[in-house]
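Read through the structure below, which is laid out as structure tokens, and then see the notes.
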Amino acid sequence: MSPETLSRRTLLFVNAAHALDHFVLLIYPTAVIAIAAQTNLSYAELIGLATGAFVAFGLCSLPMGWLSDRFGRRNMLAVFFIGYGLSCLGVASADRPAAFAGWLLVLGVASAIYHPVGSTMLVSHARQLGRDLGVNAVWGNLGAASAAGVTALIAANFGWRLAFVLPGIVCLVLGVAFIALVPGDRNPSANRSGKSTLIPVKRPKALLGIFAVAVIAGGMTFNISTIALPKVIDERLGLDLPLALIGSVATLVFVFGAATQWLMGRLVDRYTLPSLFVGLALFQPLGLALAATTTGVPLLIGLVMTMAAIYGQV
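The working numbering applies: residue -6 is where the sequence shown begins, and numbers increase by one.
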């Protein structure tokens, strides 16, 4: 297999993995509405069971990066596909709070594999790094944006368990295909040309601190918003919407966020990064304030503003 063919094939699987990484992690926040309707547990009790998954998604990134250095990126991405698929099937089989919490934790650990492994593989196999990074981001955004709508549609028509089973099967099939079609780790980065552009700054430590605070705040806001968004729409939109429409509205909010990220990619060639970043950082609290103090259409506008600011910063 030529290096060019291997790189194209690898990037296709890396992009698919990025979409699945965000899609699968956001199944439960929508499915939990249907689960609550079929059990004696409240939404608050059920959503709390996912805490371990989202904590593991962040904390386990470091050990997953170490494991990829030890056992190979290709092998770890295969573990991601297979582990994600099995954990989806495990959540679908759960019928007790402990089972939900346990399988969701396994799902969170599996989800942590992608970013340290997939991002490294992307950079190693990219031929045009900026373009390939942008394409990869689009795949991830589509996964996150479509999760609520697709999950709600499946859960409303076929039950919440199938909303986990189908993505689980997709993950397993892709895992088997990845193992069969991608023979092993290569390092084609030596063939990749291109120079990095450095922007000199006068006070790098202060700038690093500002960015750290903004990234932490934005990350917390993003995770809280994405997890709670379907329930917020259900309770505060002011309309008695069926589950399928709740998911569709949530997906629409995410689509606006993804569109803003595309727009920022265009504007970054015209304006300086600090000016764009500060503008989005100021835009975000305005959206949060509007969403927190209103209902109905103004609530949706506030949610769209918030997601647009968060995705734009990314």
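We put the beta carbon where it would ideally sit given N, CA and C, even for glycine.
Ser158 and Leu82: beta carbons closer than 8 angstroms?
Reading off the sequence shown, one finds Val at residue 158, where the question assumed Ser. The answer is yes: Cβ separation under 8 angstroms.
Same chain, Cβ closer than 7 angstroms to Ala105, five either side skipped, listed in chain order
Ala49, Phe50, Cys53, Ser54 and Met57
Does DSSP put Pro235 in a helix, a strand or coil?
coil
By a C-beta neighbour count over all protein chains shown, 10 Å radius and 16 as the cutoff for buried, is Leu97 buried or exposed?
buried
Distance between Ile203 and Arg195 (C-alpha atoms, nearest Å):
What sits at residue 195 in the sequence shown is Lys, not Arg. Roughly 14 angstroms between the two C-alpha positions.
I'd like the list of long-range same chain contacts for Phe6, defined as Cβ closer than 6 angstroms, with 5 residues on each side in sequence excluded.
Same-chain partners within the cutoff: Phe171.
Using only CA atoms, which one of Ala301, Gly101, Arg1 and Ala199 lies nearest to Asn129?
Arg1
Below 6 angstroms CB to CB, which residues in the same chain sit around Ser186 once its five sequence neighbours on both sides are set aside?
Only weak support is given to the placement of Ser186: the predicted model assigns it a pLDDT of 46, under 50, and the value that follows is read from those uncertain coordinates. Cβ neighbours of Ser186 beyond the five flanking positions: none.
Exposure label - Ser268; buried when at least 16 CB within 10 Å:
exposed
Quick check on this structure: which residue in Pro109, Gly161 and Val297 has the alpha carbon closest to the alpha carbon of Ala252?
That would be Val297, whose Cα lies nearest to the Cα of Ala252.
Straight-line gap, Thr219 to Gly111 (C-alpha atoms, nearest Å)
22 angstroms
State the Cα-Cα distance for the pair Ile20 and Arg259, rounded to the nearest angstrom.
Their Cα atoms are separated by approximately 31 angstroms.
What are the boundary residues of the alpha helix (DSSP H) that includes Ala105?
Here Ala105 belongs to no alpha helix (DSSP H), and DSSP marks it neither H nor E.
Distance check for Val72 and Trp153, CA to CA, integer angstroms please.
25 angstroms
Run of the alpha helix (DSSP H) containing Gln277, from where it starts to where it stops:
Leu266 to Thr286
Can you tell me whether Pro176 is buried or exposed? The criterion is at least 16 other CB atoms within 10 Å of its CB, across all chains shown.
exposed
If you follow the alpha helix (DSSP H) that Ala302 is in, where does it begin and where does it stop?
Gly289 to Gln306
If we count the other Cβ atoms within 10 Å of its Cβ and call it buried at 16 or more, is Val246 buried or exposed?
Buried, by the Cβ-count rule.
In the structure shown, what three-state DSSP assignment does Arg259 receive?
Three-state DSSP puts Arg259 in a helix.
Return the Cβ separation of Val17 and Leu39 in integer angstroms, given the expectation that the two are a contact with Cβ distance under 8 angstroms.
About 17 angstroms; that fails the 8 angstroms criterion.
Are Tyr77 and Leu174 close, meaning C-beta to C-beta below 8 angstroms?
No, Cβ-Cβ distance for Tyr77 and Leu174 is not below 8 angstroms.
Cutting at 6 angstroms between CB atoms, please list the residues of its own chain near Leu70, excluding the five before and the five after it.
Val110
Please classify Asp233: is it buried, with 16 or more other beta-carbons within 10 angstroms of its beta-carbon, or exposed?
exposed
Please tell me whether Ile87 and Phe93 are closer than 8 angstroms, where the distance is taken between their beta carbons.
Per the sequence shown, residue 87 should be read as Ala rather than Ile. Against a cut-off of 8 angstroms, the Cβ pair of Phe93 and Ala87 comes out as a contact.
My guess is that Ala301 and Phe249 are in contact by the Cβ rule of under 8 angstroms, so how many angstroms apart are they, rounded?
6 angstroms
Please name the residue in Thr214, Tyr304 and Thr32 whose C-alpha comes closest to that of Leu281.
Thr214
Considering only heavy atoms of the ligand MN, does any lie closer than 7 angstroms to the CB of Met257?
Within the structure as shown, the ligand MN is missing, as the structure has no ligands at all.
Cβ-based neighbour list, Leu222, same chain, cut-off 6 angstroms, excluding 5 preceding and 5 following
Ala243
State buried or exposed for Ser80, treating a residue as buried only when at least 16 other CB atoms are found within 10 Å of its CB.
buried
What residue ranges within the region 69 to 102 form continuous alpha helix (DSSP H) runs of no fewer than 4 residues, ordered along the chain?
none
Within-8 angstroms CB hit, Tyr77 to chain B
The displayed structure is made up of one protein chain only, and chain B is not part of it.
Between which two residues does the alpha helix (DSSP H) containing Ala49 stretch?
Thr44 to Leu52
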